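Residue numbers for the sequence shown follow the working numbering, beginning at 52 and rising by one.
Cβ atoms here follow ideal geometry from the backbone N, Cα and C, with glycine treated the same way.
These numbers were taken from a predicted model, which means no experiment stands behind them.
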Amino acid sequence: MTRILNHIRSQENPISYKRKIINTIVVLSLGIVLGTFSKFLDFRHGELPSALMAIDEALDVHNFLGHFVIWILIALCISLYSNSALRASVNVFVFFAGMVTSYYLYSKYVAGFFPRSYAMIWFGFTAISPFLAFVCWYAKGKSKLATILSMLILAVLFNMVFVYGWVYFEARSILELAVFIIGVIVLRRDTLRCSVLMGIISIILAILLNMIIPFHFG
52 MTRILNHIRS
62 QENPISYKRK
72 IINTIVVLSL
82 GIVLGTFSKF
92 LDFRHGELPS
102 ALMAIDEALD
112 VHNFLGHFVI
122 WILIALCISL
132 YSNSALRASV
142 NVFVFFAGMV
152 TSYYLYSKYV
162 AGFFPRSYAM
172 IWFGFTAISP
182 FLAFVCWYAK
192 GKSKLATILS
202 MLILAVLFNM
212 VFVYGWVYFE
222 ARSILELAVF
232 IIGVIVLRRD
242 TLRCSVLMGI
252 ISIILAILLN
262 MIIPFHFG
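Written out as C-alpha cells, the structure reads:
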C-alpha cells in the first residue's frame, strides 16, 4: 500500500495556490466560451457567412458539438494535464459547469426554449464528472492500473466514435475519428509496442462492452 501511495504522489506536480486559481478561471472561461459558441452555432448556423457555412456543412460541426464525445475528450485532456487527481476533479467540474450553464442560458434567453429532459442529462453528467475526472487522472501514470484505465477509456471512446457490426464498420464522422486519434495520442504508453497492445485490447473491450451495454452516447 505504501508503495502504491508513493507512486501516486510521484505523479502529482505541486503548484502554487495562485496558479491553481488561474488554471481554474481559465478552465471555467473555456467552458463558458465553448458552451456559448456551441449553442450559437446550433441556433444561428443558417446565418453564418458562406465560407463558414460551407465548412459547417462539410464537417457538420454544429451537430458534432452536440455529441458527448468531443466534451469527453476535452474533459479527459483537462483531467490528464491537471497536477493532481483532486485538481482534475475541480477543473473538470468547473469546465462542465461553465459549459452547460452557458449553453442552456443561451438556449433559454436567446434561442427562446429550454429542452428540460436533455438538460437534465447534462446536469447529471456534470454532477458525476468530478468522480470520473478523479479516476481518469490516474491513467497518466505508468503502472498496470494506469494502463487498464487507459484501455477502458479508449474502449468507451471507440464505441462513441465508431458504428460497427458483422459486416460494417465506420466512423460517425471525420471529426469524431479525429477525437479518437487524439484520445489514443494523449493516452499512449512509453513504447510503440505497449501503445499498440493497449489499442488492440481496448478494441476487444469495446466490443465486449457493446455486447453487454449496446446503448451508448454518440
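Asked, Found
"Can you grab the Cα-Cα spacing for the pair residue 55 / residue 198, in whole Å?", "Confidence is the limiting factor: at residue 55 the pLDDT is only 45, short of 50, which leaves the residue's position unreliable, though a coordinate-based value still follows. Answer to the nearest angstrom: the Cα atoms are 15 angstroms apart."
"Using CA atoms only, rank isn't needed, just tell me which of 212, 221, 94 and 260 is closest to residue 160.", "94"
"Starting from residue 126, follow the alpha helix (DSSP H) in both directions and report where the run begins and ends.", "119-131"
"With which residues is residue 221 paired in a DSSP beta bridge?", "214"
"Nearest by alpha-carbon distance to residue 125: which of 145, 224 and 162 is it?", "145"
"Please list, in chain order, all residues of the same chain as residue 78 whose beta carbon is under 7 angstroms from its beta carbon, the five residues on each side excluded.", "129, 142, 145 and 146"
"Can the beta-carbon of residue 202 be found closer than 7 angstroms to that of residue 256?", "yes"
"Where does residue 188 land, buried or exposed, given buried means 16+ other C-beta within 10 angstroms?", "buried"
"Are residue 184 and residue 140 closer than 7 angstroms when you measure CB to CB?", "yes"
"Going by Cα to Cα distance, which pick from 149, 204, 178 and 167 is closest to residue 230?", "204"
"Going by alpha carbons, who is nearest to residue 191 out of 168, 133 and 261?", "133"
"With a threshold of 8 angstroms, are at least 3 pairs of Cβ atoms found where one atom belongs to the stretch 79-87 and the other to the stretch 147-158?", "yes"
"Between the Cα of residue 186 and those of 121, 196 and 72, spot the shortest distance and give me the residue it belongs to.", "196"
"Have a look at residue 228 and residue 136 and give me their C-alpha separation to the nearest angstrom.", "28 angstroms"
"How would you label residue 168, buried or exposed, when you count the other beta carbons within 10 angstroms and need 16 or more for buried?", "exposed"
"State buried or exposed for residue 211, treating a residue as buried only when at least 16 other CB atoms are found within 10 Å of its CB.", "buried"
"Suppose the cutoff is 7 angstroms on Cβ atoms and the five residues either side in sequence are ignored; what does the same chain contact list for residue 222 look like?", "212, 213 and 228"
"For a quick check, are the C-beta atoms of residue 90 and residue 158 less than 7 angstroms apart?", "yes"
"Report all residues from its chain with a CB closer than 8 angstroms to the CB of residue 250; omit the five preceding and five following residues, and keep chain order.", "205 and 235"
"Over the uninterrupted alpha helix (DSSP H) stretch that includes residue 271, give me the two end residues.", "Only positions 52 to 269 of the chain appear in this structure, which leaves residue 271 out of reach."
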